[in-house]
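Student:
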Amino acid sequence: MMKRIFLAAIVASFAAGSALAQETCESKAVGKDGKPLAGAAKTSFLKKCKEDACAPKAVGSDGKPLAGAAKNSFMKKCETSA
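Set out below in C-alpha coordinates:
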(Lines of atoms letter the chains of each structure in order from A and count residues from 1; the text may use other names and numbers.)
(Lines give C-alpha, C1' and ligand atoms only; values in the text may rest on other atoms or scores of the structure.)
Protein backbone atom coordinates (compact mmCIF):
# COMPACT_ATOMS: atom_id res chain seq x y z
CA MET A 1 0.00 0.00 0.00
CA MET A 2 2.80 2.43 0.87
CA LYS A 3 4.55 1.68 -2.42
CA ARG A 4 1.44 2.71 -4.35
CA ILE A 5 1.12 5.96 -2.41
CA PHE A 6 4.81 6.71 -2.91
CA LEU A 7 4.59 5.94 -6.63
CA ALA A 8 1.50 8.15 -7.00
CA ALA A 9 3.32 11.00 -5.22
CA ILE A 10 6.30 10.71 -7.57
CA VAL A 11 4.10 10.66 -10.68
CA ALA A 12 2.15 13.68 -9.41
CA SER A 13 5.37 15.60 -8.74
CA PHE A 14 6.60 15.00 -12.32
CA ALA A 15 3.25 16.14 -13.71
CA ALA A 16 3.34 19.27 -11.56
CA GLY A 17 6.95 19.92 -12.60
CA SER A 18 6.12 20.02 -16.29
CA ALA A 19 3.15 22.30 -15.61
CA LEU A 20 5.38 24.65 -13.62
CA ALA A 21 7.95 24.76 -16.42
CA GLN A 22 5.34 26.05 -18.83
CA GLU A 23 4.07 28.57 -16.31
CA THR A 24 7.63 29.75 -15.77
CA CYS A 25 8.05 30.54 -19.48
CA GLU A 26 4.68 32.31 -19.46
CA SER A 27 5.62 34.33 -16.38
CA LYS A 28 9.00 35.29 -17.86
CA ALA A 29 7.37 36.68 -21.03
CA VAL A 30 7.70 40.30 -19.95
CA GLY A 31 9.21 43.18 -21.92
CA LYS A 32 11.91 45.58 -20.75
CA ASP A 33 9.22 48.02 -19.69
CA GLY A 34 7.65 45.45 -17.35
CA LYS A 35 4.58 44.87 -19.50
CA PRO A 36 3.62 41.36 -20.65
CA LEU A 37 4.66 40.46 -24.19
CA ALA A 38 1.95 39.96 -26.81
CA GLY A 39 1.63 38.67 -30.36
CA ALA A 40 4.70 37.63 -32.31
CA ALA A 41 7.10 38.74 -29.57
CA LYS A 42 5.41 36.47 -27.04
CA THR A 43 5.27 33.54 -29.48
CA SER A 44 8.96 33.91 -30.29
CA PHE A 45 9.90 34.21 -26.62
CA LEU A 46 7.89 31.13 -25.61
CA LYS A 47 9.41 29.06 -28.44
CA LYS A 48 12.95 30.02 -27.40
CA CYS A 49 12.18 29.46 -23.72
CA LYS A 50 10.82 25.95 -24.37
CA GLU A 51 13.76 25.15 -26.65
CA ASP A 52 16.22 26.26 -23.98
CA ALA A 53 14.43 24.11 -21.40
CA CYS A 54 14.47 21.00 -23.63
CA ALA A 55 17.98 21.22 -25.13
CA PRO A 56 19.86 19.94 -22.05
CA LYS A 57 17.54 16.93 -21.89
CA ALA A 58 18.35 15.80 -25.45
CA VAL A 59 20.74 13.04 -24.41
CA GLY A 60 20.73 9.43 -25.59
CA SER A 61 20.74 6.37 -23.35
CA ASP A 62 24.54 6.19 -23.76
CA GLY A 63 24.93 9.69 -22.31
CA LYS A 64 25.88 11.32 -25.60
CA PRO A 65 23.96 14.31 -26.99
CA LEU A 66 21.37 13.44 -29.62
CA ALA A 67 21.93 14.63 -33.19
CA GLY A 68 20.05 14.77 -36.48
CA ALA A 69 16.59 13.25 -36.77
CA ALA A 70 16.68 11.83 -33.24
CA LYS A 71 17.31 15.28 -31.78
CA ASN A 72 14.65 16.90 -33.96
CA SER A 73 12.09 14.29 -32.91
CA PHE A 74 12.99 14.63 -29.23
CA MET A 75 12.88 18.43 -29.32
CA LYS A 76 9.51 18.47 -31.08
CA LYS A 77 8.04 16.06 -28.52
CA CYS A 78 9.58 17.90 -25.57
CA GLU A 79 8.47 21.37 -26.73
CA THR A 80 4.87 20.27 -27.29
CA SER A 81 4.65 18.62 -23.89
CA ALA A 82 6.31 21.53 -22.07
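Numbering (numbering that gives the first Met the number 0), first residue to last: 0 to 81.
For glycine and all other residues, C-beta sits at the position ideal for the given N, C-alpha and C.
Quick one, are the C-beta atoms of residue 24 and residue 56 less than 8 Å apart?
Tutor: Counting from 1 along the sequence shown, the entry for residue 24 is found at position 25. Counting from 1 along the sequence shown, the entry for residue 56 is found at position 57. Not a contact, by the Cβ cut-off of 8 Å.
Student: Identify, in the order they occur along the chain, each residue of the same chain with its Cβ nearer than 7 Å to the Cβ of residue 71, setting aside the five sequence neighbours on each side.
Tutor: In the sequence shown, counting from the first residue as 1, residue 71 sits at position 72. There are no such residues.
Student: Thinking just about the alpha-carbon of each residue, which of 27, 73, 69 and 35 is nearest to the one in residue 53?
Tutor: To locate residue 53, count along the sequence shown from 1; it is residue 54. Out of 27, 73, 69 and 35, 73 has the C-alpha closest to the C-alpha of residue 53.
Student: Excluding the 5 residues flanking residue 35 on each side, which residues of the same chain have their C-beta closer than 8 Å to its C-beta?
Tutor: For this step, residue 35 is matched to residue 36 along the sequence shown. Here the set comprises 28, 29 and 41.
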